[in-house]
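Asks:
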Amino acid sequence: MTPELAFEPGSSTAYHTGEWRIAKPLYRDKWPPCGQSCPASEDIQGWLALASEQQWETAWRKLTERNPFPATMGRICYHPCEQACNRGHLDSVVNIHAVERHLGDLAIANRWRHAPLDELPKRQRIAVVGAGPAGLSCAFQLVRRGYPVTVFDAQKEPGGTLRSGIPAYRLPKAVLADEIDAILALGIELQAGTRVGREISEEELRDRFDAIFLAIGTQRPRRYQGDASSHSVMSGLDFLHRLNRGERMVLPSRVAVIGGGNTAIDVARCARRLGAQVTILSPQDPPVNHLTRRGTEMPVSSQELMEAESEGVELLYRVGVRRLVRSGEHLSGIEIAHVDQVHDRHGRFNPVLFDGTEAFVPAGLAIFAIGQQVEWQGLEGLSQAPESERVWIGGDAGGSPRFAVAAVGSGYQAAMSILTALQDPAAPFAAEEKPHISFKQMHLEYYPARPRHEGRVIAQPLDGFDETVQGLAESDARQEAERCLSCGVCFQCDNCWHFCPDAAVIKKGAGYEIDYDYCKGCGICVQECPCGHIDMEKVE
Amino acid sequence: MDKRDPFRHNVLTSGHRACSGCGEAMAARMVCDLIGPDAIYINATGCLQVFTTHNQQSAWQAPWIHSVFANAAAVASGVEAALRVRGKDTPVVVQAGDGGTFDIGLQCLSGMIERGHDVLFVCYDNEAYMNTGVQRSSSTPHAVHTTTSPPGRLSQGKHHLKKDVISIVAAHYMPYAATATIAYFPDLKAKVEKAMGIKGPRFLQVLSPCPLGWAHDSALTVTVSRLAVETGLFPLIELEHGELTGVMRLAEQKPVEEYLRPQGRFRHLFGNGEGAAELRHLQALADARICRYGLLDAATEWDTQSAMQSMRHGRGGYVPVLQEEMEK
Amino acid sequence: MTNKQESISRSLYEIRFHGRGGQGAVSAAALLALAAFDDGFESQAFPKFGSERRGAPVEAYVRIGRTPIRAHNQVYTPDAVVIQDATLLRSEPLLRGLKGGGVIVLNSAQRPDDIDSDRDDLRWIVLPASRVGERLLGRPLPNTVLLGALAAVTDWVSLAALENAVTNHLARKGDAVVKANIEAVREGHRLALELKGVHYEELEGHEEKK
Amino acid sequence: MRKLLEGSQAVAEAVRLCRPQVVAAYPITPQTHIIERLAQHVADGELEAEFINAESEFGAASIVQGAVAAGVRAFTATASQGLLLMTEVLHNIAGMRLPVVMVCANRAVSAPINIFNDHQDSMALRDSGWIQLYAESNQEAADSVIQAYRIAEACELPVMVCMDGFYLTHSFEPVELPTQGAVDEFLPPFHFARTLNPATPMTLGGGSEPDNYQEYRVLQHEAMENSRAVIEAFDADFGTQFGRSWGGLLDGYRLEGAQTVVLGTGSLMGAVRDVVDRLCDQGRAVGALRLRCLRPFPARELVGRLGSAQRIIVLEKALSVGAGGIIAAELRAALQQAGITTPVESVIGGLGGRDLTPDVIEAVVRNAGPDEAGVSCRFAPQVAVHHEAHEEHEE
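Quick mapping for you: the protein sequence lines, in order, are chains A, B, C and D.
Just so you know, we're using our numbering here: the first sequence kicks off at 1 and counts up by one.
Just so you know, we're using our numbering here: the second sequence kicks off at 1 and counts up by one.
Just so you know, we're using our numbering here: the third sequence kicks off at 1 and counts up by one.
Just so you know, we're using our numbering here: the fourth sequence kicks off at 1 and counts up by one.
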């Protein structure tokens, strides 16, 4: 061998230092807690990333892959995503819903249209019963994939509970209408004012359609059983329906609202707007920050609660109704007691009250917002049909939690299930399995503190139903999106690329590749990845 | 030539034999890729030279020469003079460890600066003679355990202080002298780019942790270098013609213990009375440096927190490899 | 020049210069060698090696020959000794090895008392070269005066060659210096011719007359 | 044209004629005049080069190393302690096979400190991988510099031209300086195949392993061996072009029929020649052989020239302490290998500037050395046979 006096450039690459490795880094997308907690399985991190780059329309399209109601959800969703957001461990959680609303509002303002995913028309026809969030979500997914979809709804207008159950100060009717229009514009046939069992029979549905999705919601409120009289007692659902139909109710000066969910708060705030002094009797704890969640908190957003309180709604927590106190027919108040346990061991709502903790809350009207049930009348046959008969049940009627966003998610799941049943090639093989990521796997020191941007609360006299919270300005929305930590999802910060002592990280157009020929497995990339995108695995 | 990466040249590329997690390799890769392949690199003897050239294999992808331990600055002087007479303005860069800078190489460095050679001298400071198995250098900080400054019944590690080489260099009426470290790439980048824009001698002292010699987990190389800055023990400063012209402000001062704990070279200080005194001494040294350079109250473009902020799509990197070049 | 060459009877002459650091002994030796070389001879000049410290005794040597000079040794048996500073006589054996009939060119304003009286085979040329230097060069530099004198009494180099040597060797110092030194060479030459074999007292008187 | 030039100046002029583009040095007696003259040339614009005042000889060697690696001809000069301070870099230059040329103004080494001439400094570097040429005169020193560049660049070996401090550096002697045109004709423009250049990036000075380090040395050794012919050829070439040459590797004097041969090196050989003449005139068969090139060591050539001698005296100005004469030892080995049993007398003299006068040399030749086995060398007697006589006389 004749040794060379000058060595060739880069000739060291003939030596594979990867053989030294005893542990191996792997790029692995995680499922960020926001998306993981989103009942609609939105890729929240994904659309926030696009929003942070001001790719607004792309962000909206990304979002609406799973949820065609961003303007709506951005307003009314209780955003469990924010409860889960890892940013809370750094400063304050990302204002996800505000960015979502911003995207939805932009879409409405700019008349962005949903695009079909598959232009090829399919011959199987789908019937969706119920034009609420679940039904429309399912119809949206299927129509985009080329299926002819017909949506039946008993009401004259589509929207279901979104229309009938949400007060306008939270969700202006026009916003909902615009989003529904955009969905229908994909080519969905809507048969409004058509109740199954009345205008159309179950048999006809079975005959005409290859698949049927029942998303009829919960139209029957759970009634308070402890008092025989219905005088001065009302269900939250009825209250909101009447209000949303435009009825201007006259209320007694004191109203008690019983319940700890969104309906209770909606009812309370509406009642305030009608001039009553309102007390919410919640069986649950107040919603606290997500760090100390115990499972007994009200399933509402703390912001909404704060707004309610700021509007003068009083709240009593962990209380249940012992009895209605009447003076003759008239209600004079409610005797309450401390609730020890909200649900029984079967998970059923079944509060246990402690003796000796009773108190009296004066009220001329008791509005019970303690839950709703499905009204199966007219659908007795279909409701019993198995999926093998191509009948699916979803949304609130399918037992999903009583949130609009859950209904949307349920609609999506039903659509996917239908695709599979119809042997559509686009049907998902299996649900994507991604590891979850907690803040402990991240390196929060890479993210400097940045204040959260809030939608401005519009000061107005408490007698109207105009929207109370303003959307974010575009720059605020962008900055808020930038606050996203991108938990477990690479955002191409270049750290692994810069910090690899061995040039074993190759930067590609978007993203990186580890050249295992040279990676020595030092673990610096894992240590310095801000978002926990890289895992270390032992090499056997 | 290795052109795997379209976004940088990898002037120091893969296949080198540095220890897993080597801070010097990382630092050199950053610095050299910021400068690019159109430069001539002179290397002092040391880890960097040893692990990059081995048995007729070289990890360098730019012209590179190594002579001996002490003379890198002088070899660079000659290279620069030769380029000057040949009418070329190819940048000349010296790379040396702390031994080749603080100790045996100081004389040649001083000569190079005094004669005004247009050379960037980069010292990868890992605070001991790592190449020969962790013996103390004049850069080794106070109380550090090395094989030649062992703690024992009568000793708490190195007795002497870390030599203030940046001040020595700056005292040459030096056009530009700065300290940097790997943890703050944007800062390092700004300093390299600034240095490359200045004619005459320039000096960069880049703190480069050594997992072997500092006895920390190989994954913590960057973290440890960051803590050196955040505690005030290694101030990031810029000196132009001897005057302090820039510092990296500390967003918050961290106690030195946070920096010392993960490092085995300070382990002997914990859990005994005399060690505790040395810990207080080290804290006092950090406090004094913070005070000397105004690290907590300087008005600066960025601070230790904002400088490390990670950003979507990075914060800008190196000169990309030209497409034509890739195709070649 | 050709006739000069003829006038050298032996194949080699060796000259030793004694001076003090700063007086230019080495320079004087070089000038002499240059002049001889200019005259067509082989020549060699070099100092007694050592560091040059102002005021310390220094020596320098010249060899002039007809054939190439190969040896690089110091001069131990000179044909002439040039003494730039009479005070050296007190401390140094300046005349050591001086051949019989050898020439001593001494810079002194008066005949020194301690001139070796054991040697009666020597030719003494004593002249106040520093004083002449002072007058002509503005500084008491005896060198070129002594060289002129040596040329005058030995015939080993021509006056013209010395002047050439001065012109070339001192060119860097400017025309005025060259001119003054040529004057000094000539003056030394003239004085030595006048003094050839003349006793010290006469010299003194002669100088007074000027 | 012949001129009377100080040795330092002669060498400086020769360097100038070779057009180095970087000159770096650190002053040390007796090298100073060389670099002072070069500095002046650069200041006067007579030499277009970067003159770099290094902060040490170590730096100076490093600077020329860098300069040559970066593609230009370069020059440095030093002596004694300076050379020793360069040692590390000189080995490195040789190992990297860089065609560097330097002049060593030979001087004794400390301690005790002594600024005068001998060969202990360059001799100490004999194993460094540098070609070493020893000059006898100013003319040869100047010519050797010109030859050295051509040898260095042709062989990719560094060349050290050794000239005796003071004896040559500070002596004015007639020197014929070639014209620029003639030097340009003799010496091709600088070329070095492994120049540092971003267009063709290369790694110089990289690490090696036990499985190939030795091969580097083998290559280097072969290059040295092959350089013998190059040195001879270029000296002959030089002779053809300039009308004088220096014997290539060895320079014999009156060797024809010589029974006693004095072998030595450097400027002392002038006096040896005078002594040889003197003794020949007295009817003795004495000759001289000058070792011009110490490295590569011309073993075969020495055997060829000395094979018929009956007595060989090696007169050296260097001592391998504890071993004796260096050249003598190497010569003994060469002769022994050739099966020649002629005794080699090793005489050490002239250390620290002590003058090896013709009389001393003659005495060395006249007095046979000790013939006891195991005596490696003897030391030349003190000079001043005349000196003492006259001092006595003067008293």
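Yeah, the Cβ is synthetic: ideal placement off N, Cα and C, and Gly gets one too.
Since this is a predicted model, take the numbers as computed values, not measurements.
Am I right that Lys254(B) and Leu227(B) are in contact with their C-beta atoms under 8 Å? What's the rounded C-beta distance?
Replies: About 7 Å separates the two Cβ atoms, so the contact holds.
Asks: Since Leu85(D) meets chain A, which of its residues come closer than 8 Å, beta carbon to beta carbon?
Replies: Residues of chain A passing the Cβ test: none, with the nearest at roughly 25 Å.
Asks: For Gln382(D), which residues in the same chain have their Cβ closer than 7 Å to its Cβ, ignoring the five residues on either side in sequence?
Replies: If we look at Gln382(D) and ignore the five residues flanking it on each side, it has no Cβ neighbours.
Asks: For the segment 261-286 of chain D, which residues have a beta carbon sitting closer than 7 Å to at least one beta carbon of chain C?
Replies: Taking 7 Å as the Cβ-Cβ cut-off against chain C, the residues of the segment 261-286 of chain D that qualify are Ser267, Gly270, Ala271, Arg273, Asp274.
Asks: DSSP three-state label for Glu156(D), please.
Replies: Note: Glu156(D) maps to coil in three-state DSSP.
Asks: Quick one: which residues of the segment 213-234 of chain B get their C-beta closer than 7 Å to a C-beta of chain A? List them in chain order.
Replies: Within the segment 213-234 of chain B, the residues whose Cβ lies closer than 7 Å to some Cβ of chain A are Ser218, Ala219, Leu220, Thr221, Val222, Thr223, listed in chain order.
Asks: Indicate the three-state DSSP secondary structure (helix, strand or coil) for Gly349(D) in the structure shown.
Replies: In this structure, Gly349(D) counts as coil in the three-state DSSP scheme.
Asks: With a 10 Å radius around its C-beta and 16 neighbouring C-beta atoms as the bar for buried, classify Arg73(D) as buried or exposed.
Replies: Its Cβ being crowded by 16 or more others within 10 Å, Arg73(D) is buried.
Asks: Determine whether the Cβ of His72(C) lies closer than 8 Å to any Cβ atom of chain D.
Replies: It does: the Cβ of His72(C) has a partner Cβ on chain D nearer than 8 Å.
Asks: Can you list the residues of chain B that Val526(A) reaches, using a CB-CB cut of under 9 Å?
Replies: Within chain B, the residues near Val526(A) are Ala219.
Asks: Whose CA, out of Leu335(D), Arg278(D), Leu294(D), lies closest to the CA of Pro358(D)?
Replies: Comparing Cα-Cα distances from Pro358(D) to each of Leu335(D), Arg278(D), Leu294(D), the minimum goes to Arg278(D).
Asks: By DSSP, does Lys156(A) sit in helix, in strand, or in coil?
Replies: Reduced to three states, the DSSP call for Lys156(A) is coil.
Asks: For Pro358(D), return the contacting residues in chain C, with the cut-off set at a CB-CB distance below 8 Å.
Replies: What Pro358(D) touches in chain C: Ala71, Asn73.
Asks: Is the beta carbon of Ala215(A) less than 8 Å from the beta carbon of Val129(A)?
Replies: Yes, Cβ-Cβ distance for Ala215(A) and Val129(A) is below 8 Å.
Asks: If you reduce the DSSP assignment to three classes, tell me which class Glu391(A) lands in.
Replies: Looking at the sequence provided, one finds Val at residue 391(A) rather than Glu. Residue state, collapsed to three classes: strand.
Asks: Could you check the C-alpha separation between Glu208(C) and Ser130(C) for me, to the nearest Å?
Replies: For Glu208(C), the predicted structure reports a pLDDT of 40, less than 50, and the residue's modelled location is therefore unreliable. A value from the coordinates is still provided. Looking at the two C-alpha atoms, the distance is approximately 15 Å.
Asks: Let me know if Pro210(D) comes out buried or exposed under the rule of 16 or more other beta-carbons within 10 Å of its beta-carbon.
Replies: With fewer than 16 Cβ atoms within 10 Å of its Cβ, Pro210(D) is classed as exposed.
Asks: Shortest alpha-carbon distance to Val347(D) belongs to which of Gln214(D), Ala338(D), Leu263(D), Ala334(D)?
Replies: Nearest option by C-alpha distance: Leu263(D).
Asks: For chain D, find out if any of its Cβ atoms is closer than 8 Å to the Cβ of Phe17(C); answer yes or no.
Replies: Not one chain D Cβ lies under 8 Å of Phe17(C).
Asks: With burial defined as no fewer than 16 other Cβ atoms inside 10 Å of the residue's Cβ, what is the status of Met202(D): buried or exposed?
Replies: That one is buried.
Asks: Quick one: what's got a C-beta closer than 7 Å to His199(C)'s C-beta in the same chain, skipping five residues either side?
Replies: For His199(C), the pLDDT reaches just 42, beneath the cut-off of 50, and the residue's location in the model is therefore unreliable, leaving the point undetermined.
Asks: Note down, in chain order, each residue of its chain lying with its Cβ closer than 6 Å to the Cβ of Phe51(D), except the 5 sequence neighbours on either side.
Replies: Around Phe51(D): Val23, Ala39, Val42.
Asks: Show which residues of chain D have a CB atom less than 8 Å away from the CB atom of Ala129(C).
Replies: Those within 8 Å of Ala129(C) in chain D number zero; the least Cβ separation is about 22 Å.
Asks: Residues of chain D with CB closer than 7 Å to the CB of Ser67(B), please, in chain order.
Replies: Those within 7 Å of Ser67(B) in chain D are Ser62, Gln65, Val89, Asn92, Gly205.
Asks: Between Thr2(A), Pro39(A), Gly35(A), Trp20(A), which has its C-alpha nearest Gly395(A)'s C-alpha?
Replies: Nearest C-alpha to Gly395(A): Pro39(A).
Asks: Quick check on DSSP: helix, strand or coil for Asp303(B)?
Replies: Strand at Asp303(B).
Asks: Just the Cα atoms here: how many angstroms apart are Arg194(D) and Arg289(B)?
Replies: One C-alpha to the other measures close to 46 Å.
Asks: What beta strand (DSSP E) runs, 3 residues minimum, are completely inside the segment 107-162 of chain B?
Replies: Fully enclosed beta strand (DSSP E) runs of 3 or longer: 119-125.
Asks: Would you call Val250(A) buried or exposed, if buried means 16 or more other Cβ atoms sit within 10 Å of its Cβ?
Replies: By the neighbour-count rule (16 or more Cβ atoms within 10 Å), Val250(A) is not buried but exposed.
Asks: What does Leu255(D) touch in chain A if you count any residue whose Cβ is under 9 Å from its own?
Replies: Residues of chain A passing the Cβ test: none, with the nearest at roughly 40 Å.
Asks: Assign Glu388(D) to one of two classes, buried (16 or more other C-beta atoms within 10 Å of its C-beta) or exposed (fewer than that).
Replies: At Glu388(D) the pLDDT is 36, less than 50, meaning the model places this residue with poor confidence and gives no usable figure here.
Asks: Examine the ligand FMN and report whether any of its heavy atoms sits within less than 7 Å of the Cβ of Gly200(B).
Replies: The ligand FMN is not among the ligands present in this structure, which contains no ligands whatsoever.
Asks: Within 8 Å (strictly less), CB to CB, does Leu4(D) reach chain C?
Replies: With 8 Å as the cut-off, Leu4(D) counts as an interface residue toward chain C.
Asks: Give me the subset of the segment 465-498 of chain A whose CB atoms are less than 9 Å from a CB atom of chain B, sorted by chain position.
Replies: Result list: Glu482, Ser486, Phe491, Gln492, Cys493, Asp494, Asn495, Trp497, His498.
Asks: Take Phe190(D) as the anchor and find which of Leu356(D), Gly165(D), Ala288(D), Val101(D) has the nearest alpha-carbon.
Replies: Taking only the C-alpha atoms, the option nearest Phe190(D) is Val101(D).
Asks: Please work out which residues of its chain come closer than 7 Å, Cβ to Cβ, to Pro530(A), disregarding the five sequence neighbours upstream and downstream, and give them in chain order.
Replies: The residues are Met442, His443, Tyr446, Tyr447, Cys493, Asn495.
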